[in-house]
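Novice: Numbering (my numbering), first residue to last: 90 to 559.
Note that beta-carbon positions come from the ideal geometry of N, C-alpha and C, so glycine has one too.
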């Protein structure tokens, strides 16, 4: 069943709890908050079908939330809650993009009727161009970044595949974005109004994976105290994503093959045949034909899964796109506007082989943004463990790269000391480093500094630096 999510932003606690409880009892997935700023952050950061917003709120008022929500979450239907006598304000809110309004005090029945009608309207408007545009932006144009030939070809394949119901096998190394491809396919497909259910096959014990996928009846095995639907049932009308599908044990593979062939299955311990109205997208980092040759994966199941195969290129084959990806991750994670990585920092990133692919790159970018508030991020701002790894893994570039990084770091520290009149404590604050850490780096790089004198840096063997007063 499709989840129906409602956000309640109401500062009057009793009213908020009453609304949340009534909607929860009616089967909606609900979250409430009494603060306008927190409410807008929840509205911005998560997907909500409907938001009930009070006019007068601490932090951010209802009209401001409405105006900003229309920009960042046009797919969310806003219902304004207003006190008696403020109907004119509510009408103005509707002109500003609100779907409807509720006048306080309202009964639980009035609330439920209003919300149910709203969801009926949303269901009838599922093909609305604004909704599709928002979903395309969030799950394809915004999240999937790439301009290389291989990525353009992948985008074209996804667009074609999304409109069909064919099973898809996504193949790629860890961190290349296989799950993101599954999300993009789902939210670009006719099934996008249905659920996207994800299963990590590698995390499930062999004794439990059959029950997780197909569900079980009460008493089917020890510990089955009540009947429970499986992931195929939960994904009805939508998409089932089987991550690391090569980890499905041989004992369960025949049942998985059967449901892909006949679209029917039974729960563990059950006799009733259930219909599987799902689209299956599977992912693997393994060479499944090799597993087939080794007898570890059924050949017929492999051919059922890979009606269409999408191959994710590793980041080491897309190094010309690193600058674009970095820019994307800066926009995604940076709380300060307008920051960027210098050409020297990008050059360091491009020298690395990225065994963890895009996921590892995103982690490095996010860590660098957290560790400094500087407008332009230089190589010394990159995580130290990453810089050490770059030096170790760069082979013949090891010595040259190490010297280059040391030179850039030396120059950055010397500039900070000069701007701080040789005061190590102030320079450390400027560099967002602990004073002890800066002293260690100065010692390692052979930098000497004293108050009132220009800091000196040489490439010769470092001597113990003077300890200026600070």
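Hey, is the stretch 256-267 in contact with the stretch 439-446, meaning 3+ C-beta pairs nearer than 8 Å?
Specialist: The answer is yes - the stretch 439-446 touches the stretch 256-267, with three or more Cβ pairs under 8 Å.
Novice: Would you kindly work out how many angstroms separate the C-alpha atoms of residue 357 and residue 321, rounded to a whole number?
Specialist: Working through the chain shown from its first residue, we reach residue 357 at position 268. Working through the chain shown from its first residue, we reach residue 321 at position 232. Each residue's Cα considered, the two are about 13 Å apart.
Novice: When the distance is taken between beta carbons, is residue 171 closer than 7 Å to residue 144?
Specialist: Locating residue 144 in the chain shown gives position 55, counting from the first residue. Locating residue 171 in the chain shown gives position 82, counting from the first residue. For residue 144 and residue 171, yes; Cβs fall inside 7 Å.
Novice: What beta strand (DSSP E) runs, 3 residues minimum, are completely inside the stretch 355-403?
Specialist: Listed in chain order, the complete beta strand (DSSP E) runs (minimum 3 residues) inside the stretch 355-403 are 368-373, 397-400.
Novice: Report yes if the C-beta distance between residue 97 and residue 139 is below 7 Å; otherwise report no.
Specialist: Locating residue 97 in the chain shown gives position 8, counting from the first residue. Locating residue 139 in the chain shown gives position 50, counting from the first residue. Result no, Cβ atoms of residue 97 and residue 139 do not sit closer than 7 Å.
Novice: Round the Cβ separation of residue 142 and residue 169 to the nearest angstrom and send it over; I've been treating them as touching at under 8 Å.
Specialist: Locating residue 142 in the chain shown gives position 53, counting from the first residue. Locating residue 169 in the chain shown gives position 80, counting from the first residue. Correct: roughly 6 Å between the Cβ atoms.
Novice: Note down the Cα distance separating residue 102 from residue 496, rounded to an integer number of angstroms.
Specialist: Counting from 1 along the chain shown, the entry for residue 102 is found at position 13. Counting from 1 along the chain shown, the entry for residue 496 is found at position 407. Rounded to whole angstroms, residue 102 to residue 496 spans 59 Å at the Cα level.
Novice: Using only CA atoms, which one of 318, 499, 456 lies nearest to residue 301?
Specialist: Taking the chain shown and counting its residues from 1, one reaches residue 301 at position 212. Measuring from the Cα of residue 301, the nearest candidate turns out to be 318.
Novice: Taking residue 286 and residue 323 to be in contact with their CB atoms under 8 Å, please state how far apart those CB atoms are, rounded to whole angstroms.
Specialist: Start at 1 with the first residue of the chain shown, and residue 286 comes out as number 197. Start at 1 with the first residue of the chain shown, and residue 323 comes out as number 234. Between residue 323 and residue 286 the Cβ distance is about 5 Å, and since that is below 8 Å, they are a contact.
Novice: At the level of alpha carbons, what is the spacing between residue 355 and residue 297?
Specialist: Position 266 of the chain shown holds residue 355. Position 208 of the chain shown holds residue 297. Going by the C-alpha atoms only, they are around 15 Å apart.
Novice: If you follow the beta strand (DSSP E) that residue 169 is in, where does it begin and where does it stop?
Specialist: The count along the chain shown starts at 1 and reaches residue 169 at position 80. Looking at the DSSP string, the run of the beta strand (DSSP E) that includes residue 169 is 166-172.
Novice: Is DSSP giving residue 410 helix, strand or coil here?
Specialist: Position 321 of the chain shown, counted from the first residue, corresponds to residue 410. Looking at residue 410 - three-state DSSP - the assignment turns out to be helix.
Novice: Given a cut-off of 7 Å, decide if residue 397 and residue 257 are closer than it, judged by their beta-carbon atoms.
Specialist: Working through the chain shown from its first residue, we reach residue 257 at position 168. Working through the chain shown from its first residue, we reach residue 397 at position 308. Yes, Cβ-Cβ distance for residue 257 and residue 397 is below 7 Å.
Novice: Within its chain, find whatever has a CB closer than 6 Å to the CB of residue 411; leave out the 5 residues flanking it on each side and keep chain order.
Specialist: Here residue 411 refers to the residue found at position 322 of the chain shown. So the list reads 438, 439, once near-sequence residues are dropped.
Novice: Going by DSSP in three states, residue 341 sits in which element: helix, strand or coil?
Specialist: Along the chain shown, one-based indexing puts residue 341 at 252. Correct three-state label for residue 341: coil.
Novice: Within its chain, find whatever has a CB closer than 8 Å to the CB of residue 419; leave out the 5 residues flanking it on each side and keep chain order.
Specialist: The sequence position of residue 419 within the chain shown is 330, counting from 1. 428, 429, 430, 454, 458.
Novice: Is it the case that the stretch 270-280 contacts the stretch 381-393, given that we only count it when at least three CB pairs across the two stretches are under 8 Å?
Specialist: Cβ pair count under 8 Å is below three, so no.
Novice: Flag this pair as yes or no: are the beta carbons of residue 290 and residue 329 separated by less than 7 Å?
Specialist: Numbered from its first residue, the chain shown carries residue 290 at position 201. Numbered from its first residue, the chain shown carries residue 329 at position 240. No; because the gap between Cβ atoms is not below 7 Å, this pair is not in contact.
Novice: Less than 7 Å separating the beta-carbons of residue 477 and residue 434?
Specialist: As a working mapping, residue 477 is identified with position 388 in the chain shown. As a working mapping, residue 434 is identified with position 345 in the chain shown. Going by C-beta atoms, residue 477 is not nearer than 7 Å to residue 434.
Novice: Quick check on this structure: which residue in 449, 416, 509, 425 has the alpha carbon closest to the alpha carbon of residue 463?
Specialist: Taking the chain shown and counting its residues from 1, one reaches residue 463 at position 374. Ranking 449, 416, 509, 425 by Cα distance to residue 463 puts 425 first.
Novice: Starting from the Cα of residue 160, find the closest Cα among 511, 134, 327 and give me that residue.
Specialist: Counting from 1 along the chain shown, the entry for residue 160 is found at position 71. Comparing Cα positions, the closest option is 134.
Novice: Quick check on DSSP: helix, strand or coil for residue 135?
Specialist: Along the chain shown, one-based indexing puts residue 135 at 46. It is coil, neither helix nor strand.
Novice: For residue 203, name the three-state secondary structure that DSSP assigns.
Specialist: Here the question's residue 203 lines up with position 114 in the chain shown. Of the three classes helix, strand and coil, the one that applies to residue 203 here is helix, per DSSP.
Novice: Measure the C-alpha to C-alpha separation of residue 562 and residue 403 and round it to an integer number of angstroms.
Specialist: There is no way to answer for residue 562, as the model of the chain reaches only from 90 to 559.
Novice: If I follow the unbroken beta strand (DSSP E) through residue 193, where does it start and stop?
Specialist: Sequence index remark: in the chain shown, residue 193 carries index 104 (1-based). Residue 193 -> beta strand (DSSP E) spans 189-193.
Novice: Have a look at residue 400 and residue 413 and give me their C-alpha separation to the nearest angstrom.
Specialist: The residue labelled residue 400 in the question sits at position 311 within the chain shown. The residue labelled residue 413 in the question sits at position 324 within the chain shown. The alpha-carbon atoms of residue 400 and residue 413 are separated by roughly 21 Å.
Novice: So what does residue 419 bridge to, in DSSP terms?
Specialist: One-based indexing of the chain shown puts residue 419 at position 330. Answer by DSSP bridge pairing: none, since residue 419 is not bridged.
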